[in-house]
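Residue numbers (this note's numbering): 834 to 1281. For reference, the structure discussed in these notes is given below.
This is the structure in structure tokens:
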């Protein structure tokens, strides 16, 4: 897949403060100055406005959802004429309900959006999103390439919020107590799985019921078999087949992991929250998920013992793929409904949200994730060990996967590809059948 993320790795971490013309508040307050947010008292109206905002950050008390809510609350306090009503659901229920809103042409004013064709294309094809002016966000210091997934035909329709990449979280205490070595290769990972199972310990928690993490794991196994992240795009586009020997090998290696009971018991019926809690409560040794789970180290829903012992590694290597080859992409963000009656108010809030001292600073310093904006000026030296490990994984990246397989086309292809992965990993089809079914799904998607 695309290697675009390589060009921005050092821009995110090492770029000087003189980025793209943005300014940063220097007063002692936690919020930007009015001229940095688009909410200058001299220009804002006092007309009462209610904005409806729909987000997939369901947990409003922890992690990025807490930061999102804090920024919303601060904005309403500074702008008492504006009321922001929040509806929040987890990812998959969110995506189901956004289809309902879209089918009745009643999108909320501000919606969470993913800069990926499977989510954005149906909304753009039906002319449901407001075109945005990039100049409105020129001071937000977005890293190069981060807006691309939210653009079409040179026009901008959304704003990126996160830089995402998939890692393997692990419980250091479980590893130490059982004399286990943290796996550096896929062979070592398989060996660790077998040792954990021999001790009746769940190896890897994953949200198998929802399915979207499974193609991301396949990205890793396919790259480790081939040394090349671009094969997935080539197979989808018909340049090669998913029956390519290296892709079959990747599928076989992933199936071997599943056959060894590498996934936690009940993985196929586990949603995101179930998998996260299984790991956070010490009932699984590892958790395959994205870097946005940096807040595992600070989430008070879990024990202090767990928070002090959670670590992260990049996915284990092979003789062809390095641990510096990372499944990384720009993920969630926001878009504004074209039918909103309060476009100016929605844009003003988005400018405020992405002001340098708001989202990028707060989400990083809270350990809740990695923004799609430059944040080097907000490194405090007091980052959690987990944050340091995650940023080390990111800064050492030498190649990246780009948009995950399930998200590069239509929603129909997404659902079918996830289902095919579930069938493979539950033993219902062979790697060869898996590859042929992916070929058929890709061919159907490309024919439309």
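Quick reminder that beta carbons are idealized off the backbone N, C-alpha and C, glycines included. Since we're looking at a predicted model, the values are computed, not measured.
Collapsed DSSP secondary structure at residue i in the structure displayed
| i | result |
| --- | --- |
| residue 1036 | strand |
| residue 1232 | strand |
| residue 1124 | helix |
| residue 909 | helix |
| residue 1074 | coil |
| residue 1205 | coil |
| residue 883 | strand |
| residue 791 | Nothing about residue 791 can be reported from this structure: the residues present for the chain run from 834 to 1281 only. |
| residue 1268 | helix |
| residue 1297 | Because the chain in this structure spans residues 834 to 1281, residue 1297 falls outside the shown range and cannot be described. |
| residue 1131 | coil |
| residue 1247 | helix |
| residue 927 | helix |
| residue 1013 | coil |
| residue 1275 | helix |
| residue 899 | helix |
| residue 1152 | coil |
| residue 1065 | helix |
| residue 1004 | strand |
| residue 1241 | coil |
| residue 904 | helix |
| residue 1261 | coil |
| residue 1219 | helix |
Continuous beta strand (DSSP E) stretch holding residue i: start and end
| i | result |
| --- | --- |
| residue 991 | Element bounds for residue 991: n/a, residue is neither H nor E. |
| residue 1146 | 1143 to 1146 |
| residue 1082 | First-last for residue 1082: 1078 to 1092, but that is the alpha helix (DSSP H), not the beta strand (DSSP E). |
| residue 945 | 943 to 947 |
Residue nearest to residue i in terms of C-alpha spacing, selected from the options
| i | options | result |
| --- | --- | --- |
| residue 1208 | 893, 973, 895 | 973 |
| residue 971 | 1073, 963, 1162, 1206 | 1206 |
| residue 1053 | 904, 1198, 1154 | 1154 |
| residue 990 | 961, 1148, 1016, 976 | 961 |
| residue 1119 | 1249, 1189, 1139 | 1139 |
| residue 1051 | 1035, 1134, 1081 | 1081 |
| residue 1036 | 1094, 1065, 1075 | 1094 |
| residue 1067 | 1210, 1219, 1241 | 1241 |
| residue 1058 | 1089, 1151, 975, 1131 | 1151 |
| residue 1166 | 906, 1268, 1173, 995 | 995 |
| residue 1276 | 1226, 1072, 1218 | 1072 |
| residue 959 | 1076, 936, 1070 | 936 |
| residue 975 | 948, 1204, 1159 | 1204 |
| residue 1087 | 1260, 1210, 1196 | 1260 |
| residue 980 | 1164, 1227, 1129, 917 | 1164 |
C-alpha gap between residue i and residue j, whole angstroms
| i | j | result |
| --- | --- | --- |
| residue 1063 | residue 1234 | 7 Å |
| residue 1253 | residue 1237 | 15 Å |
| residue 1056 | residue 915 | 48 Å |
| residue 894 | residue 1127 | 15 Å |
| residue 950 | residue 1169 | 17 Å |
| residue 1112 | residue 966 | 42 Å |
| residue 1110 | residue 1003 | 13 Å |
| residue 879 | residue 919 | 21 Å |
| residue 957 | residue 987 | 13 Å |
| residue 1199 | residue 896 | 8 Å |
| residue 1136 | residue 1008 | 17 Å |
| residue 1255 | residue 1177 | 44 Å |
| residue 913 | residue 1179 | 15 Å |
| residue 1074 | residue 1268 | 8 Å |
| residue 1114 | residue 1187 | 34 Å |
| residue 1144 | residue 1030 | 21 Å |
| residue 1232 | residue 1262 | 31 Å |
| residue 887 | residue 945 | 6 Å |
| residue 882 | residue 1175 | 7 Å |
Sequence-distant residues of its chain with Cβ nearer than 6 Å to residue i (five each side left out)
| i | result |
| --- | --- |
| residue 823 | Since the displayed the chain opens at 834 and closes at 1281, residue 823 lies outside it and no answer follows. |
| residue 1091 | 1258 |
| residue 1290 | Residue 1290 lies beyond the residue range present for the chain, which begins at 834 and ends at 1281; the question has no answer from this structure. |
| residue 1039 | 1046, 1096, 1100, 1108, 1121 |
| residue 1085 | 1264 |
| residue 1191 | 904 |
| residue 1117 | 1035, 1038, 1097, 1111 |
| residue 864 | In this prediction, residue 864 scores a pLDDT of 38, lower than 50, which makes its location untrustworthy; no coordinate-derived value is stated. |
Sequence-distant residues of the same chain with beta carbon closer than 7 Å to residue i, five excluded per side
| i | result |
| --- | --- |
| residue 1013 | 1025, 1028 |
| residue 1250 | 1048, 1238, 1239, 1271, 1274 |
| residue 1149 | 1016, 1017, 1018, 1019, 1021, 1022, 1156 |
| residue 985 | 957 |
| residue 890 | 897, 898, 901, 921 |
| residue 1222 | 1144, 1145 |
Residue i: first and last residue of the uninterrupted alpha helix (DSSP H) it sits in
| i | result |
| --- | --- |
| residue 916 | Where residue 916 is concerned, there is no enclosing alpha helix (DSSP H), although the beta strand (DSSP E) it sits in stretches over 915 to 921. |
| residue 1054 | 1046 to 1059 |
| residue 1180 | 1176 to 1186 |
| residue 1189 | Note, residue 1189: premise wrong, no alpha helix (DSSP H); not H, not E. |
| residue 1021 | 1019 to 1031 |
Beta-carbon proximity list for residue i, same chain, < 8 Å, skipping 5 on both sides
| i | result |
| --- | --- |
| residue 1281 | 1243 |
| residue 1104 | 923, 925, 1040, 1042, 1043 |
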